[in-house]
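Taking it in order: structure first as structure tokens, then the write-up.
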Amino acid sequence: MPVMKSSNEEFLSKVEKIVQVEDVNIGFESGTKNGKSFLGFTIQINDPNLNIGEEQKTQSLADEIERVVNQEILNLNEYDLYKVIFTSKEIDGSIEKRRQIIITKML
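Per the numbering used here: the sequence shown = residues 5 to 111.
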């Protein structure tokens, strides 16, 4: 997991202020792509009001989050990438519909 300059809670709080949503989580991912291993982390933003058509707005928010990432995460050099994942879900009876915008930042 990323090593924070402050606490995990403070990092998430800063991201929540940017996106104006209180449901933000940080995760970890690793895998292989095109025969090459990668290591990354994810910032998951669960926004019930996400509008898929607002790609420019989500890109702008991801750019603001990037500044927080650069200030707060001390071991960025250990990662290849991180993803900012904006998710909206809607439950209709027994069906859950999810919409996502995923912005990948290479490190």
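C-beta atoms are modelled at their ideal positions from N, C-alpha and C, and glycine is treated no differently.
Nearest-angstrom Cα distance between S41 and L54? Approximately 32 angstroms, taken between the alpha carbons.
Have a look at the DSSP bridge pairing and note the partners of K40. Paired residue(s): K37.
Find out if the Cβ-Cβ distance for the pair D67, N50 is shorter than 8 angstroms. no
Do you know how far the Cα of L111 is from the Cα of K87? 11 angstroms
Pop quiz: M5 and E76 are said to be a contact at Cβ under 8 angstroms. What is the actual Cβ separation, rounded to whole angstroms? That pair is no contact at about 13 angstroms.
Between Q63 and I22, which are expected to be in contact by the criterion C-beta below 8 angstroms, what is the C-beta distance as a whole number of angstroms? Between I22 and Q63 the Cβ distance is about 13 angstroms, and since that is not below 8 angstroms, they are no contact.
Let's see if you can read the secondary structure: which residues bound the alpha helix (DSSP H) around V25? In the DSSP assignment, V25 falls outside any alpha helix (DSSP H), carrying neither H nor E.
By alpha-carbon positions, which one of K18, N12, Q24, G39 ends up nearest to G31? N12
Tell whether a beta-carbon distance below 8 angstroms holds between I69 and V19. Yes.
Same chain, Cβ closer than 7 angstroms to Q104, five either side skipped, listed in chain order: I89, F90, T91
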